[in-house]
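Note sheet for the following structure.
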Ligand SMILES: NC(=O)c1ccc[n+]([C@@H]2O[C@H](COP(=O)([O-])OP(=O)(O)OC[C@H]3O[C@@H](n4cnc5c(N)ncnc54)[C@H](OP(=O)(O)O)[C@@H]3O)[C@@H](O)[C@H]2O)c1
């Protein structure tokens, strides 16, 4: 079996660290692993496959001889460095927003449009985390009845803002526990502990945030539905890990709840947790505390949209998924595996 030289750009961050674990879990055929980060991290050692890999400073020379580069850095750095990886002959799977809407770049969720990897020109983008988590359960319902409109509210974990976001929430919770004054917010616009922040990204002239528009624009590209109508509100919540979403779908054809339930039960990447009679809340519906550090999108609270005048064409549900895993690292390694097949 061919072994691949794989580099992770941003290997010390929330997503990069998870990618290292996902490569091992998904038995990715790694011949050599190169871990790249800032000069601050160079020289640190990280365990991988029973050995140790030393972090190198990310420079274009580090891509020489790489087959696959997994990108896990912010947009500016991705734009600067990843084209150099392509020039060096690697195929890039990138987690940043930098290339997602470029018409030459496939935007892929393997459960939905894995076949799109075939037309890449060196870069394949991994979608926004809330987009992946919302679309994985929407897709099997779309295949039955044709989704035309989505109304979504997201409840996004602190770690969606990377390792610093997680550290900030932990520091706030620790200070509250000790009765000390809270540290000044660094990653978020305001204190997050005991609070909700209804802004992720900058506002556009209509009043939507950049994160909210990703669900529409990326969703259209991934599902090949250029007319899909999406209205989204994104909220940062004081949860360490795992995003949650309330989703209402409108369809062009009738769909029964039984059909929807059966489609979700059979869908790859989805776990249905929807038992109103269950004794424990953990078995009644998905909660982020239960969906952290695993790869499936859990779906529950499946019901009719009673506000839809065509009752048979509206469905509402709730879903939760680990955005560092399926929303980022797991999805990226799944894409890389498609490239090896
Ligand atoms: N967190 C999520 O849930 C999530 C989900 C989906 C997509 N994403 C996207 O994935 C990307 C990474 O996010 P993250 O959450 O993992 O961020 P993060 O935890 O803040 O990690 C950032 C990484 O970038 C590296 N870096 C920073 N400056 C650098 C430089 N000058 N040269 C080389 N490396 C540098 C850091 O290395 P040092 O440790 O050395 O500073 C670190 O490895 C972002 O584009 C983000 O939007 C994140």
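Residue numbers (our numbering): 7 to 347. The beta carbon of each residue, even a glycine, is placed where N, CA and C say it ideally should be.
#1: Touching or not, the region 229-243 and the region 196-206, by the rule of three or more beta carbon pairs under 8 Å?
#2: Answer with buried or exposed for residue 95, where buried requires no fewer than 16 other C-beta atoms within 10 angstroms of its C-beta.
#3: In terms of residues, what are the limits of the beta strand (DSSP E) holding residue 40?
#4: If you run the structure through DSSP and keep just helix, strand and coil, what is residue 113?
#5: Consider the C-beta atom of residue 239 and the heavy atoms of ligand 1; say whether any pair is separated by less than 8 Å.
#6: Determine the direct distance from the alpha carbon of residue 245 to that of residue 318, and round the result to whole angstroms.
#7: Going by DSSP, what residues sit across from residue 304 in a beta bridge?
#8: CA-CA distance, residue 333 and residue 190?
#9: Kindly provide the ranges of any alpha helix (DSSP H) runs that are 4 or more residues long and lie completely inside the region 132-172, ordered along the chain.
#10: Cβ of residue 348 within 9 Å of Cβ of residue 154?
#11: Could you spell out where the alpha helix (DSSP H) holding residue 93 opens and where it closes?
#12: Once the 5 residues before and after residue 18 are set aside, which same chain residues still bring their CB inside 6 Å of it?
#13: Count the other C-beta atoms from every protein chain shown that fall within 10 angstroms of the C-beta of residue 218, then say buried if there are 16 or more, exposed otherwise.
#14: Judging by CA-CA distance, which residue of 237, 224, 229, 112 is the nearest neighbour of residue 213?
#15: May I ask you to report which of helix, strand or coil DSSP gives residue 299?
#16: Indicate whether residue 255 and residue 144 have their beta-carbon atoms separated by less than 9 Å.
#17: Ends of the beta strand (DSSP E) at residue 63?
#18: Does the region 57-73 come into contact with the region 111-130, if we say contact requires no fewer than three beta-carbon pairs (one atom in each stretch) closer than 8 Å?
#19: Just curious, the alpha helix (DSSP H) that residue 346 is in, first and last residue?
#20: Bridge partners of residue 122, per DSSP?
#21: Using only CA atoms, which one of 79, 26, 89, 269 lies nearest to residue 128?
#22: What's the call for residue 174, buried or exposed, on a 16-neighbour Cβ count within 10 Å?
#23: Distance cutoff 9 Å, beta carbons only. Does residue 187 sit that close to anything in chain D?
#24: Please confirm whether residue 20 and residue 199 have their CB atoms less than 9 Å apart.
#25: For ligand 1, is there a heavy atom less than 8 Å away from the beta-carbon of residue 223?
#26: Can you round the beta-carbon distance between residue 123 and residue 341 to whole angstroms, since I take them to be within the 8 Å contact cut?
#27: Please determine whether the Cβ atom of residue 179 lies at a distance below 8 Å from any heavy atom of ligand 1.
#28: For ligand 1, any of its heavy atoms closer than 8 Å to the Cβ of residue 72?
#29: Indicate, with yes or no, if ligand 1 has a heavy atom lying under 8 Å from the CB of residue 307.
#30: Please confirm whether residue 247 and residue 328 have their CB atoms less than 9 Å apart.
#31: Name the two residues that bound the continuous alpha helix (DSSP H) containing residue 220.
#32: Which one of 314, 282, 167, 80 has the shortest CA to CA distance from residue 195?
#33: Measure the C-alpha to C-alpha separation of residue 296 and residue 288 and round it to an integer number of angstroms.
#34: Report the CB separation of residue 78 from residue 40 in whole angstroms; it is logged as a contact under 8 Å.
#35: So, is residue 141 buried or exposed, given that buried needs 16 or more other C-beta atoms within 10 angstroms?
Well, looking at it:
#1: yes
#2: Start at 1 with the first residue of the chain shown, and residue 95 comes out as number 89. Exposed, since its Cβ has fewer than 16 Cβ neighbours within 10 Å.
#3: Here residue 40 is taken as the residue at index 34 of the chain shown, counted from 1. Element bounds for residue 40: 36-43.
#4: As a working mapping, residue 113 is identified with position 107 in the chain shown. If DSSP states are grouped into helix, strand and coil, residue 113 belongs with the strands.
#5: As a working note, residue 239 is residue 233 in the chain shown. Result no, Cβ not under 8 Å from ligand 1.
#6: The residue you call residue 318 lines up with position 312 of the chain shown. The residue you call residue 245 lines up with position 239 of the chain shown. Distance between the alpha carbons of residue 318 and residue 245 is about 34 Å.
#7: The residue labelled residue 304 in the question sits at position 298 within the chain shown. According to DSSP, residue 304 bridges with 277, 326.
#8: Within the chain shown, the letter at position 327 stands for residue 333. Within the chain shown, the letter at position 184 stands for residue 190. Residue 333 and residue 190: Cα-Cα distance of roughly 28 Å.
#9: 135-151
#10: Outside the displayed range of the chain (7 to 347) lies residue 348, so it cannot be described from this structure.
#11: Within the chain shown, numbered from 1, the residue matching residue 93 stands at position 87. Start and end: 81-93.
#12: Position 12 of the chain shown, counting from 1, holds the residue named residue 18. Around residue 18: 43, 47.
#13: Numbered from 1 along the chain shown, position 212 holds the residue referred to as residue 218. Classification of residue 218: buried, given that the 10 Å Cβ count is 16 or more.
#14: The residue you call residue 213 lines up with position 207 of the chain shown. The residue with the shortest Cα to Cα distance from residue 213 is 237.
#15: Taking the first residue of the chain shown as 1, we reach residue 299 at position 293. In the structure shown, residue 299 sits in coil (DSSP, three-state: anything other than H, G, I, E or B).
#16: For the purposes of this step, residue 255 is taken as residue 249 along the chain shown, with counting starting at 1. For the purposes of this step, residue 144 is taken as residue 138 along the chain shown, with counting starting at 1. In contact: residue 255 and residue 144 (Cβ atoms closer than 9 Å).
#17: Sequence index remark: in the chain shown, residue 63 carries index 57 (1-based). 57-63 is the span of the beta strand (DSSP E), which, as asked, contains residue 63.
#18: no
#19: By 1-based counting over the chain shown, the position of residue 346 is 340. Run containing residue 346: 336-346, per the alpha helix (DSSP H) assignment.
#20: To locate residue 122, count along the chain shown from 1; it is residue 116. Residue 122 pairs with nothing; no bridge assigned.
#21: Taking the first residue of the chain shown as position 1, residue 128 is located at position 122. Looking at the Cα atoms, 89 is the closest of the given residues.
#22: Residue numbering aside, residue 174 sits at position 168 when the chain shown is read from its first letter. That one is buried.
#23: Within the model displayed, chain D is absent; a lone protein chain is all it includes.
#24: Walking along the chain shown from the start, residue 20 turns up at place 14. Walking along the chain shown from the start, residue 199 turns up at place 193. Their beta carbons are not under 9 Å apart, which means residue 20 does not touch residue 199 by this criterion.
#25: Position 217 of the chain shown, counted from the first residue, corresponds to residue 223. It does not: the Cβ of residue 223 is nowhere closer than 8 Å to a heavy atom of ligand 1.
#26: In the chain shown, the residue the question calls residue 123 occupies position 117. In the chain shown, the residue the question calls residue 341 occupies position 335. Residue 123 to residue 341, Cβ: 6 Å. Contact.
#27: Indexing the chain shown from 1 puts residue 179 at position 173. False, no ligand heavy atom lies under 8 Å from that Cβ.
#28: Counting from one through the chain shown, the residue named residue 72 turns up at place 66. Answer for residue 72: no, Cβ out of range of ligand 1.
#29: Locating residue 307 in the chain shown gives position 301, counting from the first residue. No; taking the cut-off as 8 Å, the Cβ of residue 307 has no heavy atom of ligand 1 nearer than that.
#30: Here residue 247 corresponds to residue number 241 of the chain shown, with the count starting at 1. Here residue 328 corresponds to residue number 322 of the chain shown, with the count starting at 1. Taking 9 Å as the Cβ cut-off, residue 247 and residue 328 qualify as a contacting pair.
#31: As a position in the chain shown, residue 220 is number 214, starting the count at 1. It spans 216-229 - the alpha helix (DSSP H) in which residue 220 sits, taken as one unbroken run.
#32: On the chain shown, residue 195 is found 189 positions in, with the first residue counted as 1. That would be 167, whose Cα lies nearest to the Cα of residue 195.
#33: The count along the chain shown starts at 1 and reaches residue 296 at position 290. The count along the chain shown starts at 1 and reaches residue 288 at position 282. The straight-line gap from Cα to Cα measures roughly 7 Å.
#34: The sequence position of residue 78 within the chain shown is 72, counting from 1. The sequence position of residue 40 within the chain shown is 34, counting from 1. That pair is no contact at about 13 Å.
#35: Within the chain shown, the letter at position 135 stands for residue 141. Under this definition residue 141 is a buried residue.
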